[in-house]
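Below is one structure; the comments refer to it alone.
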Amino acid sequence: MTQTAQEAFDQLDPQAWTKVSIEERLQILTEIQANMRQYGAELGQAEMEMKNRLTGADLYSQTDGMLQTLVAVGNVINASTFIYQTLAETGKMPEAKSIRDLGDGTFEVEVFPTAPVDQMTAATQHGYLRLVGQPKQVSPLDKEAGIIAVSGAGNYSSSIETIKAIFFDNKTVIHKAHRLNEATDKVWEKIFAPLVERKALSFAGVDYSRDLIQLEGLDAIYFTGSTAVAKNIMDSTDTPLVSECGGNNPAIIVPGDRPWTAEEIKNQAELIVSIAKGNGGAACGRPQTFITSKHWAQREEFLDAIRQAAQSTFAVGTYYPKSAEVREAFLAAHPQAEIIKPEGGQYPNTDFLFIPDMDKSAYGVTHEAFCQIMGEVALDVPATAEAFLPAATAFANDALLGTLGCMILIDDETRAKHEDAFQTALSELNYGGITVNTTPPMVWFNAYLTWGGCKETKENFVSGIGNFGNALNFEQVEKSILIEQFAATGFLYNDRQATDAMNQQVINFTLGNME
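Numbering (the numbering used here), first residue to last: 6 to 520.
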């Protein structure tokens with residue numbers, strides 16, 4: 006039965022949730038994971054059907070639907086299990102792997118991989134939090150009772166903010182899905198039944214958005230969506246808002262001290278294009294504008310590799326509402342845009358728009374696409390890491406829309422020779438999630454890192470205020486950084502069947518379903 010916002014509020018018992026023992030919480034987490042295994046296929050089917058219906062072609066698979074919904078939540082469940090197991094065994098929170106004083110009042114804390122299972126799977130990845138002030142952790146068990154309203158996103162139905170609020174922040178939650186995800190939300194209700202039974206979670210109907218944010222007694226509202234809606238929420242209530250609203254995210258292509266091989270260029274181009282196509286381009290952290298040096302000897306080779314990758318990787322459906330209007334606006338502003346049609350253009354809503362050599366103040370710089378559109382800005386600076394990194398950092402901070410995600414591509418040898426310039430860029434880039442040789446959405450998938458804008462204010466924000474995540478519960482997090490080696494491949498959309506098979510392996514491992 007669909008509940009109103011007030012009915013969902015009245016169903017919760019925040020004080021009772023704070024008294025639930027560690028042992029019972031671990032049992033709840035085990036039950037949720039079992040439910041994810043039981044209902045995961047149904048969840049993936051609902052996700053697949055929604056996207057294929059809006060695309061107009063059967064391009065999304067059930068496995069893709071399961072990956073997009075289950076894995077991020079599964080990562081939070083696994084991290085929560087590790088936290089509570091450690092609390093049960095030691096009485097203390099898990100410690101960071103390392104802490105580095107950066108000397109300016111900020112600290113870098115290595116938080117990933119921490120759990121044994123993550124050490125098995127992280128390979129060469131390392132995740133860090135940048136903190137303001139002395140590092141301090143707070144156990145979720147020491148946090149006060151309360152109620153958080155979660156207004157879910159339209160581009161994904163993974164309820165990660167909900168689970169983080171319950172297990173990281175010790176709060177009870179009213180979850181309201183976006184209208185696109187009404188069908189998947191019904192499945193999540195079955196998966197999260199152990200929390201509903203304990204009055205830690207309730208679900209409000211999709212028609213009660215305004216009623217939800219105006220409830221008396223909320224401690225916070227968690228919102229993922231557009232900047233305009235976030236600002237409307239702030240104008241409608243005094244309840245504190247934590248919001249994530251996207252932006253125009255950069256990929257900074259650092260010229261190498263050595264030439265990149267043809268295989269390296271191909272791999273990096275496919276990495277960028279694959280994530281730009283992922284979810285039909287409706288991924289908040291996807292790189293939209295990549296920044297190069299106009300004087301990089303391999304720039305044209307790299308641009309051609311981007312074109313080839315957009316052509317040769319398989320077609321993905323653009324399904325998000327109003328994407329067609331966005332595409333037309335970009336084409337009107339950039340008539341030179343190249344329209345690339347993967348798989349011979351046989352499927353609707355799969356065109357990939359590429360806009361090379363944009364002006365530094367172009368429409369494609371100051372607007373978010375949120376669909377399969379990418380552009381390039383070539384800076385007139387020397388093609389050296391020492392000259393390029395400061396210029397690219399300044400452009401990313403000052404010209405591009407928002408502060409959500411930033412990607413840096415740099416080969417390992419060049420980084421080693423210019424470590425000071427590289428570290429300065431990491432410190433000065435005003436982005437909440439920075440990745441090196443991997444893509445910003447991988448920060449979103451990581452329960453130990455944070456996801457949100459950086460240093461934005463209530464009076465003037467684009468990507469949002471505050472952040473979600475942070476399994477080890479460090480305070481005063483400014484940004485998250487995820488670093489990978491240059492040779493890493495990640496998720497590449499080279500072959501539809503092979504990608505599905507790899508995705509199924511990830512799903513199985515995340516859910517503890519390996520045979």
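The beta-carbon is built from N, C-alpha and C at its ideal position, and this holds for glycine as well.
Spanning the alpha carbons of D216 and I179 requires a straight line of approximately 12 Å. By the Cβ test, the segment 318-333 is in contact with the segment 41-60, since at least three Cβ pairs between them sit closer than 8 Å.
One alpha carbon belongs to F359, the other to P260, and they sit about 21 Å apart. Per the Cβ contact rule, the segment 88-106 is in contact with the segment 461-479 (3 or more Cβ pairs under 8 Å).
Looking from the CA of L146, the closest CA among M412, F393, I27 and C411 belongs to I27. In the three-state scheme derived from DSSP, where H, G and I count as helix and E and B as strand, K484 is classed as strand. For T443, the closest C-alpha among the options H131, Y352, E36 and R312 is that of H131.
Between the segment 148-163 and the segment 14-33 there are three or more C-beta pairs closer than 8 Å, enough to call the two in contact. Around the CB of A267, fewer than 16 other CB atoms lie within 10 Å, so the residue is classed as exposed. By a beta-carbon distance limit of 8 Å, G157 contacts K181. Their separation comes to about 6 Å. In this structure A281 does not touch Q341 by the C-beta definition: roughly 19 Å separates them, more than the 8 Å allowed.
Going by DSSP, R312 is part of the alpha helix (DSSP H) stretching over R304 to S317. Contact annotation, T515 with V116: C-beta distance approximately 19 Å; criterion of less than 8 Å not satisfied. Boundaries of the beta strand (DSSP E) around V116: T111 to F117. Taking 8 Å as the cut-off, the beta carbon of V78 is found no closer than this to the beta carbon of I218. DSSP places P199 in the uninterrupted alpha helix (DSSP H) bounded by A198 to E202. When C-beta atoms of the segment 116-126 are compared with those of the segment 242-254, fewer than three pairs fall below 8 Å, so the two segments do not count as touching. Taking a cut-off of 8 Å for Cβ pairs, the segment 367-387 and the segment 329-339 touch, as three or more such pairs fall below it. The Cβ neighbour count for N465, taken over all protein chains shown within 10 Å, is under 16; the residue is labelled exposed.
Remark: C-beta atoms of P387 and H300 approach each other more closely than 8 Å. The beta carbon of H423 lies closer than 7 Å to those of A390 and E391 in the same chain, with the five residues before and after it left out. By the CB criterion at 8 Å, R291 and G283 fall inside the cutoff. Note on geometry: alpha-carbon atoms of T189 and K195 lie some 10 Å from one another. Per DSSP, the unbroken beta strand (DSSP E) holding A256 starts and ends at N254 to I258. Between the alpha carbons of K463 and T429 lies a distance of about 27 Å.
Residue environment for S366: exposed (fewer than 16 other C-beta atoms within 10 angstroms of its C-beta). Judged by their CB atoms, T318 and P347 are nearer to each other than the 8 Å cut-off. Look at the beta carbons and you see the segment 219-232 not touching the segment 23-43: under three pairs across the two are nearer than 8 Å. Per the Cβ contact rule, the segment 400-412 is in contact with the segment 441-460 (3 or more Cβ pairs under 8 Å).
The C-alpha of L276 lies about 22 Å from the C-alpha of T455.
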